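A short worksheet on the structure shown next.
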Amino acid sequence: MNCIIIEDQRPAQRILEKFIADVDSLRLTGTFSDPTQALVFLQKEKVDVLFLDIHLPKISGIEFLKTLSQPPQVILTTAFSDYALEGYDLNVVDYLLKPFSFQRFLQAISKISPGRDSGKPFTASPLVPLKQEIFIKSGHELIKIRIADIIHIQSSSDYTEMHLPSKKLLSNESLKYWVQELEGHRFLRVHKSFIINLDKVERISGNRIYMHNNQYIPIGRAYKEGFIKGLGQ
Numbered sequence: 073m074n075c076i077i078i079e080d081q082r083p084a085q086r087i088l089e090k091f092i093a094d095v096d097s098l099r100l101t102g103t104f105s106d107p108t109q110a111l112v113f114l115q116k117e118k119v120d121v122l123f124l125d126i127h128l129p130k131i132s133g134i135e136f137l138k139t140l141s142q143p144p145q146v147i148l149t150t151a152f153s154d155y156a157l158e159g160y161d162l163n164v165v166d167y168l169l170k171p172f173s174f175q176r177f178l179q180a181i182s183k184i185s186p187g188r189d190s191g192k193p194f195t196a197s198p199l200v201p202l203k204q205e206i207f208i209k210s211g212h213e214l215i216k217i218r219i220a221d222i223i224h225i226q227s228s229s230d231y232t233e234m235h236l237p238s239k240k241l242l243s244n245e246s247l248k249y250w251v252q253e254l255e256g257h258r259f260l261r262v263h264k265s266f267i268i269n270l271d272k273v274e275r276i277s278g279n280r281i282y283m284h285n286n287q288y289i290p291i292g293r294a295y296k297e298g299f300i301k302g303l304g305q
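When you line the sequence shown up against this note's numbering, it's residues 73 to 305, in that order.
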């Protein structure tokens with residue numbers, strides 16, 4: 073079965089490439105960091121299995137998958153378990169939570185249906201670019217901000233605090249809402265009460281993340297491994 077990898081972190085690419093090479097029934101025909109390049113390949117070539125990371129540049133893996141009208145069989149890979157339910161709603165074969173073992177990889181492969189007809193290239197809708205601006209519902213107002221300007225978001229009682237370079241906005245939405253709203257952008261939950269913009273990280277010292285606004289964010293124990301993977305370390 074022909075397969076491709078869409079994954080933007082080189083260490084994760086190497087692991088998948090090694091595992092695929094060790095399975096005689098799989099043949100790797102392409103590895104892509106950019107989903108737009110993978111889309112061009114998919115429209116021209118026969119692909120039976122797609123290993124798809126959820127956190128990708130430009131568009132999330134979930135949103136990319138939604139653009140495909142006749143996708144190959146898909147195995148999602150990610151360091152975060154938050155999107156498992158949505159992945160299964162899209163009829164993916166399996167969901168590999170990083171870091172995964174070769175044994176777990178084989179379990180996912182065993183769920184693939186070799187007889188399913190995937191011999192023809194599939195069609196896809198044009199990729200929808202990620203939005204660059206959002207409206208924040210703050211009290212009785214809707215305030216437009218640039219997503220790239222957000223430094224971090226903090227949960228505080230029944231609302232969230234949106235920290236920007238020169239101001240702080242109070243939002244009526246929950247932290248869970250912002251996790252979903254910012255999917256596909258360079259944001260990561262690092263604590264039960266904090267989401268950070270990875271592009272605004274200055275340095276990391278112990279269990280503290282120092283941001284552009286000179287504030288530090290604690291790293292929750294349950295989120296530390298996912299944070300390190302998010303940095304590509």
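Beta carbons: idealized from backbone N, C-alpha and C, even for Gly.
Since the structure is predicted, the reported quantities are computational estimates derived from the model, not experimental observations.
Specify, as a first and last residue, the run of the alpha helix (DSSP H) that residue 133 falls within.
Sequence index remark: in the sequence shown, residue 133 carries index 61 (1-based). Judged by DSSP secondary structure, residue 133 falls within the alpha helix (DSSP H) whose first and last residues are 133-138.
Here's the rule: buried if 16 or more other CB atoms are within 10 angstroms of the residue's CB, otherwise exposed. What is residue 114?
By 1-based counting over the sequence shown, the position of residue 114 is 42. Flag for residue 114 reads buried.
For the beta strand (DSSP E) containing residue 280, name the first residue and the last one.
Walking along the sequence shown from the start, residue 280 turns up at place 208. Looking at the DSSP string, the run of the beta strand (DSSP E) that includes residue 280 is 280-283.
Counting along the chain, where does the beta strand (DSSP E) carrying residue 89 start and finish?
The count along the sequence shown starts at 1 and reaches residue 89 at position 17. Counting along the chain, residue 89 falls outside any beta strand (DSSP E), though it belongs to the alpha helix (DSSP H) covering 82-93.
In whole angstroms, give me the CA-to-CA distance for residue 217 and residue 207.
Here residue 217 refers to the residue found at position 145 when the sequence shown is read from its first residue. Here residue 207 refers to the residue found at position 135 when the sequence shown is read from its first residue. Near 6 Å, if we compare the C-alpha coordinates of residue 207 and residue 217.
Can you find at least 3 beta carbon pairs, one from the region 262-281 and one from the region 138-145, that sit closer than 8 Å?
They do not touch, by the three-pair rule.
Between residue 121 and residue 75, which are expected to be in contact by the criterion C-beta below 8 Å, what is the C-beta distance as a whole number of angstroms?
As a working mapping, residue 121 is identified with position 49 in the sequence shown. As a working mapping, residue 75 is identified with position 3 in the sequence shown. So it is a contact: roughly 4 Å between Cβ atoms.
Could you give the DSSP three-state label for residue 258: helix, strand or coil?
Working through the sequence shown from its first residue, we reach residue 258 at position 186. It is coil, neither helix nor strand.
Tell me whether residue 246 is buried or exposed, calling it buried when 16 or more other Cβ atoms sit within 10 Å of its Cβ.
Residue numbering aside, residue 246 sits at position 174 when the sequence shown is read from its first letter. So residue 246 counts as exposed.
Can you tell me whether residue 123 is buried or exposed? The criterion is at least 16 other CB atoms within 10 Å of its CB, across all chains shown.
By one-based count along the sequence shown, residue 123 stands at place 51. So residue 123 ends up on the buried side.
Give every residue of the same chain whose Cβ lies closer than 8 Å to the Cβ of residue 214, excluding the five residues on either side of it in the sequence, and list them in chain order.
Translated into the one-based positions of the sequence shown, residue 214 becomes position 142. Closer than 8 Å at Cβ, skipping near neighbours: 207, 208.
Would you mind giving the Cβ-Cβ distance between residue 174 and residue 91, rounded to the nearest angstrom? I have them listed as a contact below 8 Å.
Indexing the sequence shown from 1 puts residue 174 at position 102. Indexing the sequence shown from 1 puts residue 91 at position 19. Right, the Cβ-Cβ distance comes to about 6 Å (below 8 Å), so this counts as a contact.
Continuous beta strand (DSSP E) stretch holding residue 290: start and end:
Locating residue 290 in the sequence shown gives position 218, counting from the first residue. Here the beta strand (DSSP E) through residue 290 covers 288-290.
What beta strand (DSSP E) runs, 3 residues minimum, are completely inside the region 98-128?
99-104, 121-125
For residue 190, which residues from the same chain have a beta carbon less than 6 Å from its beta carbon, with the 5 sequence-adjacent residues on both sides left out?
In the sequence shown, counting from the first residue as 1, residue 190 sits at position 118. At residue 190 the pLDDT is 46, less than 50, meaning the model places this residue with poor confidence; the figure from the coordinates comes in the next sentence. These residues qualify, in order along the chain: 120, 144.
Among residues of its own chain, excluding the 5 on either side of residue 170, which ones have a beta-carbon nearer than 8 Å to its beta-carbon?
Translated into positions along the sequence shown, residue 170 becomes position 98. Here the set comprises 84, 149, 150, 151, 301.
Looking at the unbroken alpha helix (DSSP H) that takes in residue 253, where does it start and where does it end?
Position 181 of the sequence shown holds residue 253. Taken as a continuous stretch (DSSP letters only), the alpha helix (DSSP H) holding residue 253 covers 247-253.
Coil, strand or helix - residue 221 by DSSP
For the purposes of this step, residue 221 is taken as residue 149 along the sequence shown, with counting starting at 1. Three-state result, residue 221: helix.
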